[in-house]
């Protein structure tokens, strides 16, 4: 009984290790493709490169800590006012 459970656990561990390796390989391939596309976009004169995304922030934590709502531009912080139909 114990050896059967141990074999199942080892098999599950092997499957998860394989899954992790495949996921990392896919991420590396996606990164390489993104880098290649950015390089080709920079070389083409007709293509306008979009700005890189800013690092993610925790907007919910921002709203709770300073009571403000960050606008789309990420440069201005304005006080959030609920709409007239909003219940408090």
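In this note's numbering, the protein residues as written are 12 to 99.
Beta carbons are placed, not taken as given, at the ideal position from N, Cα and C, and that holds for glycine.
Keep in mind that this is a model prediction, so the values were computed, not measured.
In the structure shown, residue 27 adopts helical secondary structure according to DSSP, grouped into three states. Here residue 63 carries a coil assignment [DSSP, helix/strand/coil]. Only residues of its own chain outside the window of five on either side were considered, and among them none has a CB closer than 8 Å to the CB of residue 16.
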